[in-house]
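S.K.: Numbers given in the working numbering equal positions in the sequence shown, counted from 1, plus 7. The C-beta atom is built at its ideal place from N, Cα and C for all residues, glycine as well. This one's a predicted model, so the numbers in the text were calculated from it and none came from an experiment. Before I ask anything, let me first share the structure, which is written out below as structure tokens.
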Amino acid sequence: MSARPKVGVLAAGMKGLMAAQGASRHAQLEVVATYQPRGTQEPGPEAFRTEFPGTEIIVGKSPDITALAQRLDALFLAGWQFLIEPPANVPAIVLHDSLLPDLRGFAPTVTALMLGRPRLGVSAVLPGREADSGGLLAQHAVEITHPLRIADALELLRPCYERCIRDVLSDLQRGALSSTPQDESLATYSIWRDDEDYWIDFRHPADRVLRTIMALGDPYPGSRTTVDGKIVTIH
């Protein structure tokens, strides 16, 4: 592999943008495939075009992975919510924003904030037979204090994305990726979240309610409740 490997990123939203930025500092960013996240104010295709003027930007949820892989030394996925068939000729690496095997699944940073976890992090893993279950390639964490706004939490994860990418590319340049199986006995899961999950459940303790409000703010639509029969959003 050359001193500056050629990489692509399947990227969506703020997590995808941070991953692409990290990749561009350690490799030649050849292509980014992206789409506009639904129901949030997260970065869309135009943000990627502005950030990476010399990189090919593909807009759509079903890029031709086989064709992309022919040009690359590695393919990263971050914030990408759609299944792909991993290419046969180059490694595909998932960048998941939790300390796996904790919080596999959807929106783990939001869940970690709501639950009051003391650390956030990013894990680089190989694709697995189940979601986020593949072998661990790299993992970096950051200590946090609560309450913490989701926008600030995502920013704290920025160096974790870059360090995971750096570690993976270093292994590739040495000749091969080395992965460690996840401990299935420690696996926990973050469930799919939809519009109904923005409603505040006031049966929870006050600190949990506050963490939930902070976790669902900008770039997300914000927590909802009713006051005098009217729906209000709490940011």
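Measure the C-alpha to C-alpha separation of D202 and R231 and round it to an integer number of angstroms.
M.R.: Between D202 and R231, the C-alpha separation is close to 10 Å.
S.K.: So T187 packs on L143, CB below 8 Å; how close in whole Å?
M.R.: Confirmed, about 5 Å.
S.K.: Report the partner residues of H211 according to the DSSP bridge assignment.
M.R.: Looking at the DSSP assignment, H211 forms no beta bridge with any residue, so it has no partner.
S.K.: Do the region 189-201 and the region 50-68 touch if we need at least three Cβ pairs shorter than 8 Å?
M.R.: Not touching, per the Cβ criterion.
S.K.: With L127 and A114 assumed to form a contact (beta carbons below 8 Å), what rounded beta-carbon distance in angstroms separates them?
M.R.: That belief does not hold up - the Cβ atoms of L127 and A114 are roughly 12 Å apart, past 8 Å.
S.K.: May I have the straight-line CA-CA distance separating A85 from V132, to the nearest angstrom?
M.R.: Approximately 11 Å, taken between the alpha carbons.
S.K.: What are the boundary residues of the alpha helix (DSSP H) that A160 is part of?
M.R.: Looking at the DSSP string, the run of the alpha helix (DSSP H) that includes A160 is I157 to R181.
S.K.: What's the gap between the Cα of A34 and the Cα of G224?
M.R.: Using only the alpha carbons, I get a separation of about 33 Å.
S.K.: Could you name each continuous beta strand (DSSP E) segment of 3 residues or more that falls completely within the region 10-91, going from the start of the chain to the end?
M.R.: With a minimum length of 3 residues, the continuous beta strand (DSSP E) runs that stay inside the region 10-91 are 13-18, 35-41, 63-66 and 81-85.
S.K.: Please report the residue range of the beta strand (DSSP E) in which T116 lies.
M.R.: Element bounds for T116: not the beta strand (DSSP E) but the alpha helix (DSSP H), P115 to L122.
S.K.: Mapping the DSSP letters down to three states, classify Y196 as helix, strand or coil.
M.R.: If DSSP states are grouped into helix, strand and coil, Y196 belongs with the strands.
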